[in-house]
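Protein sequences appear in the order of chains B, F and D.
Residue numbers for the first sequence follow the working numbering, beginning at 15 and rising by one.
Residue numbers for the second sequence follow the working numbering, beginning at 15 and rising by one.
Residue numbers for the third sequence follow the working numbering, beginning at 15 and rising by one.
Some notes on the structure that comes next.
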Amino acid sequence: MYPVAAREESVIYILDLFGTAVFAVTGALAAMRKKMDIFGVTVVATVTAVGGGTLRDLLLGRVPPFWVADPGYILAILFAAVATFLCARKMRHHMPQLLVADALGLAVFTVIGSKVAVAANTNPLIAAIMGVMTGALGGILRDVLCNEVPLILRREVYATASLGGALVYVAGTRLHLDQSTIVPLAMAVTLLTRLAAIKWRLSLPVAKEESGDGDA
Amino acid sequence: MYPVAAREESVIYILDLFGTAVFAVTGALAAMRKKMDIFGVTVVATVTAVGGGTLRDLLLGRVPPFWVADPGYILAILFAAVATFLCARKMRHHMPQLLVADALGLAVFTVIGSKVAVAANTNPLIAAIMGVMTGALGGILRDVLCNEVPLILRREVYATASLGGALVYVAGTRLHLDQSTIVPLAMAVTLLTRLAAIKWRLSLPVAKEESGDGDA
Amino acid sequence: MYPVAAREESVIYILDLFGTAVFAVTGALAAMRKKMDIFGVTVVATVTAVGGGTLRDLLLGRVPPFWVADPGYILAILFAAVATFLCARKMRHHMPQLLVADALGLAVFTVIGSKVAVAANTNPLIAAIMGVMTGALGGILRDVLCNEVPLILRREVYATASLGGALVYVAGTRLHLDQSTIVPLAMAVTLLTRLAAIKWRLSLPVAKEESGDGDA
């Protein structure tokens, strides 16, 4: 039993580093569109990649957070940020592949976030929120640093895809299903929802009436 | 004595949930003005409602923070956010009542924040700051997410009303007055200051000379 | 030996309060350019001055953070913010001196941040990041609150100067050099790099190709 669990852990760790690097690339590209210098690009890449997991860890009392305890994450980010800075033009030609990679990163981060929260004995609702936070907060902070209204909050089936996977993970755990079943299932839900949203340009409803400029 | 204290705790808890829901409504309305989708509306509602108390808890080492430990807060926020999303037009017609409810929420949050900080044995100055942070930070984060210079920082007697109540609470505690006296008194100071500011459109001074566009 | 170490501690503490006040002044000036009221000016001054050290302390599990434990920092900030509010015009005439003072504050914050992280037994890479975070995050948060793309992320040899000092501090510690050698040396590296950047208007490279408006 042990070797299987250990192998699963390794696969998740590798996927985690992969997701970290991909999120860093999307952060770096956003920073470059704002004409930031190499330092700014690295900062935005870092915040995009570790922002969600960091708040999750602080809220759950897991101190120091994952990337402070294991510098592998920062090394993956530095590599991704510098590579993006040097080859941004080339990367833009691979935008479809980058979107798929980003969807996979979202799926991995969501499941890891939910898993960590469940392991910390949080309420299932809170565990699902932690999953979504781990997946989506980095992108929100990226847009705040770039001085834009966060794209994820406007019209993307992005956090919703994350929420789907998080709920599947939490529900599966409540039903005492095996981790080796729940983890890939929850990841698949997030990944496929997100890919479907990209392919068919799905978006969530926005209220119609808002034409006035109130000042509440 | 115990039943009275317990009843007071219940009243404060109900007021706390009420304030949470009202803050969530103001967050949701701000998000809708920015054309956010239902997910974005919920995120901004949540940050507005729990942002201040969350930072307070992290700074005081109260981990996990209040809303992670008790999902009642998140449920109140989800209810408020969805209701606002569905009935925003109707809510805007009740803006005066919403402003009063928001002032009450500010009073409740301020006193709870000061109380928690005093209980954690902080310095009185820091306790007052924690009260103001609990009351006002959510609104600041809301405006940052909506990509605006925070209204509270520009020309509102909002945080000042919060500061008044926080100072009364801290001073009352130093004078060893009874909690059943200090809590309503401090809340009244914040509430009435804020209502007076709304009624007579009071605002704090802004320095006059700033016409240049320095670049420090 | 003890008296020397104690005297060094005192010197660092005084420099720390000095840096705190200077950072508060730069935050207050930025807030005033955005026409914030006296409360907003104080909030931005506070966030600029303690933002970096606060996140560092939360990440390293040092709770409560430095300014919650010692109200001297808040008093220095309040003094600086009110003085700036009252005499902003005069201060602007001393902008060159303010930039030098800010460079000294950056040097002090960087070394303190690295020192705290090394003392918490973090990896050297993480310790250097904590030094830069302590020095530069406050200025980033200041610009976010003022609704601007952070200047530090765009084209300033600011964080780079901080990074230089942090690396010297961390390397010196690894080489077991004496603190009384490393601290002034690391501070000098940051200070002189920053002053050179100001004098000769040095800036980091920005990637050239970014003319398109992608939407990753």
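Just so it is clear, CB atoms sit at the ideal spot from N, CA and C, and this is done for glycine as well.
Residue-level contact to chain F via CB, residue i, 8 Å cutoff
| i | result |
| --- | --- |
| GLY75 (chain B) | yes |
| ALA221 (chain B) | yes |
| PHE123 (chain D) | no |
| VAL197 (chain B) | no |
| VAL102 (chain D) | What sits at residue 102 (chain D) in the sequence shown is Ala, not Val. Output row for ALA102 (chain D): interface = yes. |
| ILE88 (chain D) | yes |
| VAL158 (chain B) | yes |
| MET46 (chain D) | yes |
| ILE212 (chain D) | no |
| PRO110 (chain D) | no |
Terminal residues of the alpha helix (DSSP H) in which residue i lies
| i | result |
| --- | --- |
| ARG169 (chain F) | 166-169 |
| THR68 (chain B) | 52-73 |
| THR204 (chain F) | 193-213 |
| ARG103 (chain B) | 86-106 |
| LYS129 (chain D) | 109-133 |
Contact with chain B by residue i, beta-carbon distance below 8 Å
| i | result |
| --- | --- |
| ASP227 (chain F) | Its pLDDT being 42, under 50, ASP227 (chain F) is placed unreliably by the model, and the measurement read from it follows with that caveat. Not closer than 8 Å to any Cβ of chain B, the Cβ of ASP227 (chain F) fails to qualify, so no. |
| LYS129 (chain F) | no |
| ILE126 (chain D) | no |
| ALA63 (chain F) | no |
| PRO164 (chain D) | yes |
| ASP51 (chain F) | yes |
| GLU224 (chain F) | Confidence at GLU224 (chain F) is low in this model, with a pLDDT of 47, below 50, so the placement of that residue should be treated as unreliable; the coordinate-derived value is given next. Not an interface residue. |
| ALA230 (chain D) | Residue placement at ALA230 (chain D) is poorly supported in this model, since its pLDDT is 39, which falls under 50; the coordinates still yield a value, given next. Yes, ALA230 (chain D) lies at the interface with chain B (some Cβ there is under 8 Å from its Cβ). |
| ILE143 (chain D) | yes |
| ARG168 (chain D) | yes |
| GLY54 (chain F) | yes |
| GLU23 (chain D) | no |
| PHE99 (chain F) | yes |
| PRO79 (chain F) | yes |
CB of residue i within 8 Å of CB of residue j, strictly
| i | j | result |
| --- | --- | --- |
| ALA134 (chain B) | GLY145 (chain B) | no |
| GLY231 (chain F) | THR34 (chain F) | The requested residue 231 (chain F) does not occur in the structure, where chain F is confined to residues 15 to 230. |
| PRO219 (chain B) | ILE52 (chain F) | yes |
| MET238 (chain B) | ARG208 (chain B) | As displayed, chain B neither begins before 15 nor continues past 230, which places residue 238 (chain B) out of reach and without an answer. |
| LEU139 (chain D) | ILE91 (chain B) | no |
| VAL58 (chain F) | LEU167 (chain B) | yes |
| THR124 (chain B) | VAL82 (chain F) | no |
| LEU192 (chain B) | ILE126 (chain B) | Note on residue identity: the sequence assigns Asp, not Leu, to residue 192 (chain B). Contact flag unset, no. |
| MET201 (chain D) | ALA142 (chain D) | no |
| SER217 (chain D) | ALA180 (chain D) | no |
| GLU2 (chain D) | SER194 (chain D) | Chain D is shown only over 15 to 230; residue 2 (chain D) falls outside these bounds and no answer can be derived. |
| VAL77 (chain B) | GLY75 (chain D) | yes |
| LEU151 (chain D) | LEU72 (chain B) | no |
| VAL158 (chain D) | LEU177 (chain B) | no |
| ALA55 (chain F) | PHE93 (chain F) | Looking at the sequence itself, residue 55 (chain F) is Val, so the reference to Ala does not match. In this structure, PHE93 (chain F) does not lie closer than 8 Å to VAL55 (chain F) by Cβ. |
| ILE212 (chain F) | LEU113 (chain F) | yes |
| ALA117 (chain D) | LEU43 (chain D) | no |
Proximity test, Cβ basis, 8 Å: residue i and chain D
| i | result |
| --- | --- |
| SER217 (chain F) | yes |
| LEU72 (chain B) | yes |
| THR136 (chain F) | yes |
| LEU92 (chain F) | no |
| ILE140 (chain F) | yes |
| VAL58 (chain B) | yes |
| VAL171 (chain B) | no |
| VAL114 (chain B) | no |
| VAL8 (chain B) | For residue 8 (chain B) there is no data in the structure shown, the boundaries of chain B being 15 and 230. |
Three-way DSSP call (helix, strand, coil) for residue i in this model
| i | result |
| --- | --- |
| TYR172 (chain B) | coil |
| THR34 (chain D) | helix |
| THR148 (chain B) | helix |
| ARG76 (chain F) | coil |
| GLU162 (chain D) | coil |
| SER217 (chain F) | coil |
| LEU181 (chain F) | helix |
| SER225 (chain F) | Bear in mind that a pLDDT of 43 at SER225 (chain F), under 50, signals an unreliable position, so the number given afterwards is only what the model happens to contain. It is coil, neither helix nor strand. |
| LEU139 (chain F) | helix |
| LEU29 (chain D) | helix |
| LEU155 (chain F) | helix |
| LEU43 (chain D) | helix |
| MET15 (chain F) | Note that MET15 (chain F) scores 45 on pLDDT, short of 50, meaning its location in the model is unreliable and no value can be drawn from it. |
Cutoff 8 Å: residue i Cβ touching any chain A Cβ
| i | result |
| --- | --- |
| ALA175 (chain D) | Here the protein chains are B, F and D, and chain A is not one of them. |
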